Amino acid sequence: MHLCVCSLPASGAKPPSQVYEELIQSCSRAGEFSTCFTELQRDFVVDRRTKVKSLIRLVKHWYKQHVRPYKEYLGKGESLPPQYALELLSVYAWEQGSRDRAFDMAEGFRTVLELIRQYEQLCVYWTINYNFADEVLAGFLHHQLQKASQRRQRHPCSASHPRRARLQELSRPDPPVTK
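Remember, our numbering sits 184 above the position in the sequence shown when you count from 1.
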């Protein structure tokens with residue numbers, strides 16, 4: 185087992201590019217150092233409006249109640265989006281929408297469900313905690329974006345996949361009533 189240790193600046197401060205460079209060089213598997221950034225993830229969401237955070241809670245509740253139970257139907261190599269991705273998709277939906285404090289929660293939820301249906305085809309990122317100015321970090325970020333682009337081309341999201349059909353059905357904006 186390979187353990188990556190990182191030291192980040194105090195809460196609210198942007199990490200220096202050296203932190204990212206050291207992690208890129210020391211960790212080889214995707215997501216291996218994501219736990220190092222939980223404070224940054226938390227701060228990213230904490231700074232959002234209360235209603236956006238309520239949308240995030242609604243989406244996560246829906247996911248736990250109506251999607252996660254069907255995880256067993258996924259095929260080899262298939263996965264569900266991580267919970268943090270749900271938070272990001274909720275923020276993205278609000279940012280791309282009205283950005284209104286009093287947005288319609290049902291419309292926001294519907295938008296997030298549509299994004300979840302196509303999450304494998306999306307490439308959404310923010311440069312709040314990093315940027316492309318550092319050469320090593322820029323190379324890594326460009327590589328990640330290329331991988332995401334190739335993955336979207338190889339595996340277009342499709343409800344025709346038998347195991348994914350139920351998950352797609354559950355993420356429709358107006359899911360059918362089941363008895």
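Quick reminder that beta carbons are idealized off the backbone N, C-alpha and C, glycines included.
Just so we're clear, the structure is a prediction, and the values are computed from it rather than from any experiment.
Query, Result
"Considering only C-alpha positions, which residue in the set P199, E206, S238 is nearest to D288?", "S238"
"Any contact between the segment 302 to 309 and the segment 261 to 274? By contact I mean 3 or more CB pairs, one from each, below 8 Å.", "yes"
"Quick check on this structure: which residue in R241, L264, I240, Q330 has the alpha carbon closest to the alpha carbon of V251?", "L264"
"Apart from the five residues just before and just after V243, which ones in its own chain have a Cβ nearer than 6 Å to its Cβ?", "L270, S274, V296"
"Let me confirm a value: Y204 is counted as buried when at least 16 other C-beta atoms fall within 10 Å, else exposed. Which label applies?", "buried"
"My output table needs one value for F171: the three-state DSSP class, helix, strand or coil.", "What is shown of the chain runs 185 to 363, which leaves residue 171 out entirely."
"Cutting at 7 Å between CB atoms, please list the residues of its own chain near N313, excluding the five before and the five after it.", "K198, P199, L224"
"With DSSP collapsed to three states, give me the class of A317.", "coil"
"Looking at C-alpha atoms only, which residue of S333, K248, Y268, P253 is the closest neighbour of R226?", "Y268"
"Can you say whether S342 is buried or exposed, counting buried as having 16 or more other CB atoms within 10 angstroms of its CB?", "Legend: pLDDT at S342 = 42, less than 50; position of this residue unreliable, value from coordinates given subsequently. By the neighbour-count rule (16 or more Cβ atoms within 10 Å), S342 is not buried but exposed."
"Kindly indicate the opening and closing residues of the alpha helix (DSSP H) around S235.", "The question names Ser, but residue 235 in the sequence shown is Lys. 234 to 250 is the extent of the alpha helix (DSSP H) around K235."
"Using a 10 Å radius around the Cβ and a threshold of 16 neighbouring Cβ atoms, would you call L207 buried or exposed?", "buried"
"What number of angstroms, rounded off, separates the C-alpha of A290 from the C-alpha of R283?", "15 Å"
"Buried or exposed: which applies to A286, given that a residue is buried once 16 or more other Cβ atoms fall within 10 Å of its Cβ?", "exposed"
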